[in-house]
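So for the sequence shown, our numbering puts the first residue at 8; every next one is plus one. Single-structure report; data block below.
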Amino acid sequence: MSEVKILAIESSCDETAAAVVADGRRVLSNIIYSQIDLHTIYGGVVPEIASRKHIEKINPVIEAALEESGCTLSDIDAVAVTYGPGLVGPLLVGVAEAKAIAFAAGLPLIGVHHIHGHICANYLENPELKPPFMSLVVSGGHTHLVNVSDYGTYEVLGRTRDDAAGEAFDKVARAIGLGYPGGPKIDAAAKRGDPEAIEFPKAKVGDSEYDFSFSGLKSAVLNYLNHAEMKGESVNPDDLAASFQKAVVDVLCEHAQTAVREYKVKDFALAGGVASNSALRKSMKEMCEKENVRFYCPSPVFCTDNAAMIGVAAYHEYIRGNFANWSLNAIPNLKM
Ligand code: KG4
Ligand code: ZN
């Protein structure tokens, strides 16, 4: 059988992205137009601005993805698109675009869950990685600890009760004046700071050992800043960034370690935008080495939002014959 080539589209937040992926492993092209600069002045993503930029950029981004892959639509076997979770306006742009292309080219349509895409990013650079494995997805909107029992089959063990890990990074970065997007800025500042300078609480959730909670930690950072200001004391932002980052990384690693032991995991895959955090990658790798577990993590470009990961997840739906019909719609709060 010749290779299955999927044209994938991702527009759930502030990246307009398209990719062509062969057989769910080989990236033929991966084009990302990041809108970050547009949203920076507002301190976060403005949904209407994001939607408007997606509609402007989506055709050129798809054209570039086809051109770079050396494919025309006649070489493509299916069109895939993220249909949730995410921002409704941005999702609708991608879904409408994918439908129009699939309809005009007579191709099957595949709706992809954004979080499945993040997990599947791990297949791209690791041909040896196969289910079953455990995955921790840490992104701007989600924190999920998941057992991947087969391709396309996911069992959620734990999730955040409040803020996602990336959201905590973004909010704390804003509070210490580092700006948006907070994750990479805190990552950089933390390299200059002392992670032991301030002891922040490691939020645990009582009734489920695999659930997460980051809003308490975020409040602790804000309280620390307020107290310092009231007492007229200066705060070293690098120390604060490093100490906050350590609190997040420690709790993620502790939960993952407990789960890895409990489920006798052999392979562990980190995923999502926060997986590009240097301290998290290092600590998770060390934890896995200690537990005799093989550790996987995509290159940073496949951790943050991209369409290649959507093309991988779509391939497994394609193999299972799981196609969408023309009623496919955006589902902003799509559950795992
Ligand atoms: O997966 P993603 O691109 O979008 C969502 O699906 O949400 O994740 C974006 C999140 C943002 O919160 C961003 O601050 C965070 O990932 N992030 C990081 C780093 N790079 C991106 N967080 C910590 N350290 C980083 N280096
Ligand atoms: Zn994402």
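All C-beta atoms in this analysis are idealised placements derived from N, C-alpha and C, irrespective of residue type, glycine included.
Handout entry: Cα-Cα separation, Ala-171 to Ala-337
Key = Computed Cα separation, rounded: 21 Å.
Handout entry: Other residues of its chain near Asn-340: CB distance less than 8 Å, five sequence neighbours each side excluded
Key = Closer than 8 Å at the Cβ level, and outside the excluded window around Asn-340, lie Gly-91, Pro-92.
Practice task
Would you check whether ligand 1 has a heavy atom nearer than 6 Å to the C-beta of Asn-284?
Solution key: Yes, ligand 1 has a heavy atom inside 6 Å of this Cβ.
Exercise for the section: Leaving out five residues on either side along the sequence, give the residues of the same chain with a beta carbon under 7 Å from the beta carbon of Val-179. Expected result: The answer, listed in chain order, is Gly-189, Ile-193, Lys-225, Val-228, Phe-251.
Practice task
Could you give the DSSP three-state label for Tyr-231: helix, strand or coil?
Solution key: Residue state, collapsed to three classes: helix.
Exercise for the section: Could you tell me if Ser-19 is buried or exposed, where buried requires 16 or more neighbouring beta carbons within 10 angstroms of its beta carbon? Expected result: Buried is the call here.
Handout entry: Which residues DSSP lists as bridging Lys-12, in chain order
Key = According to DSSP, which records beta bridges pairwise, Lys-12 is partnered with Ala-29.
Problem - Through-space distance from Pro-305 to Lys-106, alpha-carbon basis - result: Taking the straight line joining both Cα atoms gives about 29 Å.
Exercise for the section: Please name the residue, chosen from Ala-314, Thr-265, Ile-65, Ala-286, that lies closest to Val-300 on a Cα-to-Cα basis. Expected result: The residue from Ala-314, Thr-265, Ile-65, Ala-286 with its alpha-carbon nearest to that of Val-300 is Thr-265.
Exercise for the section: Output the residues surrounding ligand 2, defined as those with a CB atom closer than 5 Å to any ligand heavy atom, in chain order. Expected result: Residues with their Cβ less than 5 Å from any non-hydrogen atom of ligand 2, running along the chain, are Ser-146, Asp-312.
Problem - 7 Å Cβ cutoff met for Lys-253 and Pro-191 - result: Contact flag unset, no.
Handout entry: Extent of the continuous beta strand (DSSP E) to which Thr-150 belongs
Key = That run of the beta strand (DSSP E) goes 150-157.
Problem - Segment limits, beta strand (DSSP E) that includes Thr-89 - result: Here the beta strand (DSSP E) through Thr-89 covers 85-91.
Exercise for the section: Counting only the same chain and skipping the five closest in sequence on each side, list residues whose C-beta sits under 7 Å from that of Tyr-3. Expected result: Nothing about residue 3 can be reported from this structure: the residues present for the chain run from 8 to 343 only.
Practice task
Could you have a look at Ile-56 and say whether DSSP puts it in helix, strand or coil?
Solution key: In this structure, Ile-56 counts as helix in the three-state DSSP scheme.
Practice task
Please confirm whether any heavy atom of ligand 1 lies closer than 6 Å to the CB of Asp-194.
Solution key: Yes, Cβ of Asp-194 sits closer than 6 Å to a heavy atom of ligand 1.
Problem - Val-281 beta carbon near ligand 1 (any heavy atom closer than 6 Å) - result: Flag set: Cβ of Val-281 near ligand 1.
Handout entry: Tyr-217 and His-151 closer than 7 Å at C-beta
Key = Taking the C-beta atoms as reference points, His-151 is found no nearer than 7 Å to Tyr-217.
Exercise for the section: Name the residue from Asp-44, Ser-156, His-123, Gly-124 whose alpha carbon lies nearest to the alpha carbon of Pro-138. Expected result: With distances taken between Cα atoms, Pro-138 lies closest to Ser-156.
Exercise for the section: State the start and end residues of the unbroken beta strand (DSSP E) segment that holds Ile-117. Expected result: Start and end: 116-120.
Exercise for the section: Starting from the N-terminal side, write out each stretch of the beta strand (DSSP E) that is 3 residues or longer and does not extend beyond the segment 252-322. Expected result: Counting only runs of 3 or more residues that sit fully inside the segment 252-322, the beta strand (DSSP E) segments are 274-278, 301-303, in chain order.
Practice task
Spatial neighbours of Cys-260 within its chain, please: CB distance less than 7 Å, with the 5 preceding and 5 following residues excluded, ordered by chain position.
Solution key: Contacts found: Ser-290, Met-291, Met-294.
Exercise for the section: With hydrogens ignored, establish whether the beta-carbon of Phe-176 is closer than 6 Å to any heavy atom of ligand 1. Expected result: When distances are taken from the beta-carbon of Phe-176 to the heavy atoms of ligand 1, the shortest one is below 6 Å.
Exercise for the section: Would you check whether ligand 1 has a heavy atom nearer than 6 Å to the C-beta of Gly-148? Expected result: Checking the 6 Å criterion, the Cβ of Gly-148 is within range of a heavy atom belonging to ligand 1.
Problem - Cβ-Cβ distance between Val-281 and Val-145 below 7 Å - result: Contact: yes.
Problem - Residue span of the alpha helix (DSSP H) that contains Val-144, given as start and end - result: No alpha helix (DSSP H) holds Val-144; the beta strand (DSSP E) holding it covers 140-145.
Handout entry: Alpha-carbon to alpha-carbon, Val-86 and Ile-38
Key = Roughly 15 Å separates the two Cα atoms.
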